[in-house]
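Undergrad: So the protein lines, in turn, are chains A and B.
When the letters of the first sequence are read in order and numbered with the numbering used here, they come out as residues 1 to 154.
When the letters of the second sequence are read in order and numbered with the numbering used here, they come out as residues 1001 to 1154.
Where is the CB? At the ideal position from N, CA and C, for every residue including glycine.
The model shown is predicted, which means the values in this text are computed figures rather than measured ones.
Starting off with a structure, shown below.
Number of protein chains: 2
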Amino acid sequence: MGRPRGFDEEVVTAAAAELFAGRAYDGVSVDDLVQQLGVHRNSLYKTFGSKRGLYLAALRWHLDHRLPPLTEQLAAGAEVADDPALDLLLLAAVERAPRDVEVAALVTKAWQELDQALQRAPANHTDGTRSTALNALLGERLRARATAATTDPS
Amino acid sequence: MGRPRGFDEEVVTAAAAELFAGRAYDGVSVDDLVQQLGVHRNSLYKTFGSKRGLYLAALRWHLDHRLPPLTEQLAAGAEVADDPALDLLLLAAVERAPRDVEVAALVTKAWQELDQALQRAPANHTDGTRSTALNALLGERLRARATAATTDPS
DNA sequence: AACGGTCAAGAACGATCGTTCCTTTTCTTG
DNA sequence: CAAGAAAAGGAACGATCGTTCTTGACCGTT
């Protein structure tokens, strides 16, 4: 069946997720992806179809593999505002969701899961119907990210 | 002293702020700005120096003119999550501040003001040292924006 | 060992990016 | 009413964007 591919699709997807978590979608070029992921253009387009396809795959992977452990921490009452695991979701929500229906759907689904995890958190049992706990968490991470990342080399 | 300029600098700055509130910085091209603001390229570059200069001017204008009325509403205990007045600040915080020190400084200043306004809000007098009220507000607007703007023609 | 299909390597595509230059028009000023 | 300065108009710059094409190397199959 021809030559086998020389890269692990999941590893590449995870690396792409990390890149997209650092800068905005338009701020990550295909050249950046090719260089950082170590995968040739052709292979990226053959595997993911387009830059958007790779982005969606990365977002889905992130939601499937990075969010579950986070929800566990949240349900256990841990503090996670320093964890950059929410960054890709933040960027997706703010700058992609308004322009991409699929991204919006994924973001909404992620929030439902995070919300449920926070409902189970010990500190928030008294919370009402509104998910203010998640809102506060998102805001907290938003501020941490904006103020801290000014000088870091990502 | 030559021909007077045919546009109001403040009007243009406000319009630019609205554009940058809708899409990410890299998603707004100079062509978009020229077309939407009705000002010629040369005039934009003469007045603001660069695209980033116009962005910074727009952000500053937004912080000076759109945020004060918002802080008043907040201090009065009003609900403002449906108000898109926070959108430019959200985008600036998430995608520009990590890459631009001046943006980060402006965003930090804006948060200080919003925070103080919320400390004065009647519903949040019991709040502790942490500014969870502002965090919750930011998260709330974040979610509202992501879920609502999927089909709107901005 | 020869085939056939997949991958890797890299050049190249048109389009668009932010920015600059040149020319023409319009206004203020003496 | 000239003279000069600044704005408008628009083409053009090199660089980079996402995407595709062409060529040759590789490997599983018969």
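For a test of the three-state rule: what should DSSP assign to Val80 of chain A, helix, strand or coil?
TA: The residue given as residue 80 of chain A occupies position 80 in the first sequence. The answer is coil: DSSP assigns Val80 of chain A none of H, G, I, E or B.
Undergrad: In the DSSP assignment, find the unbroken alpha helix (DSSP H) run with Leu33 of chain A in it and report its ends.
TA: The count along the first sequence starts at 1 and reaches residue 33 of chain A at position 33. Taken as a continuous stretch (DSSP letters only), the alpha helix (DSSP H) holding Leu33 of chain A covers 30 to 37.
Undergrad: Note down, in chain order, every chain A residue with its Cβ under 7 Å from the Cβ of Leu1107 of chain B.
TA: Looking up residue 1107 of chain B in the second sequence gives position 107. One detail in the question is off: residue 1107 of chain B reads as Val in this sequence, not Leu. What Val1107 of chain B touches in chain A: Ala146.
Undergrad: If we define contact as Cβ-Cβ less than 8 Å, is Asn1042 of chain B a contact residue for chain A?
TA: Translated into positions along the second sequence, residue 1042 of chain B becomes position 42. No, because no Cβ of chain A sits closer than 8 Å to the Cβ of Asn1042 of chain B.
Undergrad: Quick check: is the beta carbon of Arg1143 of chain B nearer than 8 Å to any beta carbon in chain A?
TA: Looking up residue 1143 of chain B in the second sequence gives position 143. Yes, Arg1143 of chain B counts as interfacial toward chain A.
Undergrad: Could you give the DSSP three-state label for Gly1027 of chain B: helix, strand or coil?
TA: Your numbering for residue 1027 of chain B matches position 27 in the second sequence. In this structure, Gly1027 of chain B counts as helix in the three-state DSSP scheme.
Undergrad: Determine the closest residue to Ala1081 of chain B out of B:Val1011, B:Thr1013, B:Thr1147, B:Gly1006, with distance taken between C-alpha atoms.
TA: Taking the first residue of the second sequence as position 1, residue 1081 of chain B is located at position 81. Ranking B:Val1011, B:Thr1013, B:Thr1147, B:Gly1006 by Cα distance to Ala1081 of chain B puts B:Thr1147 first.
Undergrad: Measure the C-alpha to C-alpha separation of Ala136 of chain A and Arg1099 of chain B and round it to an integer number of angstroms.
TA: Along the first sequence, one-based indexing puts residue 136 of chain A at 136. Along the second sequence, one-based indexing puts residue 1099 of chain B at 99. Straight-line measurement puts the Cα of Arg1099 of chain B at about 24 Å from the Cα of Ala136 of chain A.
Undergrad: Would you mind sorting Thr129 of chain A into buried or exposed? The rule is 16 or more other CB atoms within 10 Å of its CB.
TA: The residue given as residue 129 of chain A occupies position 129 in the first sequence. Only weak support exists for where Thr129 of chain A lies, its pLDDT of 49 falling under 50; the value from the coordinates is given anyway. Under this definition Thr129 of chain A is an exposed residue.
Undergrad: Going by the CB atoms, is the gap between Leu1033 of chain B and Ala1110 of chain B shorter than 8 Å?
TA: As a position in the second sequence, residue 1110 of chain B is number 110, starting the count at 1. As a position in the second sequence, residue 1033 of chain B is number 33, starting the count at 1. Not closer than 8 Å, so no.
Undergrad: Do the region 1076 to 1090 of chain B and the region 5 to 16 of chain A make contact, defined as three or more Cβ pairs closer than 8 Å?
TA: no
Undergrad: Just checking: is the beta-carbon of Asp1083 of chain B within a distance shorter than 8 Å of some beta-carbon in chain A?
TA: Mapped onto the second sequence, residue 1083 of chain B falls at position 83. With 8 Å as the cut-off, Asp1083 of chain B does not count as an interface residue toward chain A.
Undergrad: Nearest-angstrom Cα distance between Ala17 of chain A and Leu67 of chain A?
TA: For this step, residue 17 of chain A is matched to residue 17 along the first sequence. For this step, residue 67 of chain A is matched to residue 67 along the first sequence. Computed Cα separation, rounded: 12 Å.
Undergrad: Which residues of chain B have a Cβ atom closer than 7 Å to the Cβ of Asp31 of chain A, listed in chain order?
TA: Residue numbering aside, residue 31 of chain A sits at position 31 when the first sequence is read from its first letter. Going along chain B, no residue has its Cβ under 7 Å from Asp31 of chain A, so there is no contact; the nearest lies around 15 Å.
Undergrad: Would you decide whether Leu1076 of chain B is buried or exposed? Buried here means 16 or more other CB atoms lie within 10 Å of its CB.
TA: Residue mapping note: residue 1076 of chain B aligns to position 76 of the second sequence, counting from 1. Here residue 1076 of chain B turns out to be Ala, not Leu, going by the sequence shown. The residue in question, Ala1076 of chain B, is exposed, as its Cβ has fewer than 16 Cβ neighbours within 10 Å.
Undergrad: Counting only Cβ pairs nearer than 9 Å, list the residues of chain A close to Thr1132 of chain B.
TA: Mapped onto the second sequence, residue 1132 of chain B falls at position 132. Ordered by position in chain A, the residues that pass the 9 Å Cβ test against Thr1132 of chain B are Thr132, Ala136, Gly139, Glu140.
Undergrad: Do Leu90 of chain A and Val1094 of chain B have their beta-carbon atoms positioned less than 8 Å apart in this structure?
TA: Here the question's residue 1094 of chain B lines up with position 94 in the second sequence. Here the question's residue 90 of chain A lines up with position 90 in the first sequence. Taking 8 Å as the Cβ cut-off, Val1094 of chain B and Leu90 of chain A qualify as a contacting pair.
Undergrad: Where Ser1043 of chain B and Pro1069 of chain B are concerned, what is the direct C-alpha to C-alpha distance, given to the nearest angstrom?
TA: Counting from one through the second sequence, the residue named residue 1043 of chain B turns up at place 43. Counting from one through the second sequence, the residue named residue 1069 of chain B turns up at place 69. Spanning the two alpha carbons is a distance of roughly 30 Å.
Undergrad: Excluding the 5 residues preceding and the 5 following Leu106 of chain A in the sequence, name in chain order all residues of the same chain whose CB lies nearer than 8 Å to its CB.
TA: Within the first sequence, numbered from 1, the residue matching residue 106 of chain A stands at position 106. If we look at Leu106 of chain A and ignore the five residues flanking it on each side, its Cβ neighbours are Leu56, Leu59, Arg60, Leu63, Ala92.
Undergrad: Using a 10 Å radius around the Cβ and a threshold of 16 neighbouring Cβ atoms, would you call Ala78 of chain A buried or exposed?
TA: Counting from 1 along the first sequence, the entry for residue 78 of chain A is found at position 78. The residue in question, Ala78 of chain A, is exposed, as its Cβ has fewer than 16 Cβ neighbours within 10 Å.
Undergrad: Starting from Val94 of chain A, find everything on chain B with Cβ-Cβ shorter than 9 Å and list it in chain order.
TA: Numbered from 1 along the first sequence, position 94 holds the residue referred to as residue 94 of chain A. Simply Ala1024, Asp1087, Leu1090, Leu1091, Ala1093, Val1094, Glu1095, Leu1142, Arg1145, Ala1146.
Undergrad: Let me check understanding here. Comparing Cα to Cα, which of B:Arg1120, B:Arg1096, B:Leu1019 lies closest to Arg23 of chain A?
TA: Your numbering for residue 23 of chain A matches position 23 in the first sequence. Nearest Cα to Arg23 of chain A within the set B:Arg1120, B:Arg1096, B:Leu1019: B:Arg1096.
Undergrad: Between Glu1113 of chain B and Thr1047 of chain B, is the Cβ-Cβ spacing less than 8 Å?
TA: Taking the first residue of the second sequence as position 1, residue 1113 of chain B is located at position 113. Taking the first residue of the second sequence as position 1, residue 1047 of chain B is located at position 47. Not closer than 8 Å, so no.
Undergrad: By the 10 Å Cβ neighbour count, where 16 or more other Cβ atoms means buried, how is Val30 of chain A classified, buried or exposed?
TA: By one-based count along the first sequence, residue 30 of chain A stands at place 30. Val30 of chain A comes out exposed.
Undergrad: Go ahead and pull the three-state DSSP assignment for Asp64 of chain A.
TA: As a first step, residue 64 of chain A must be located in the first sequence, where it is residue number 64. Helix.
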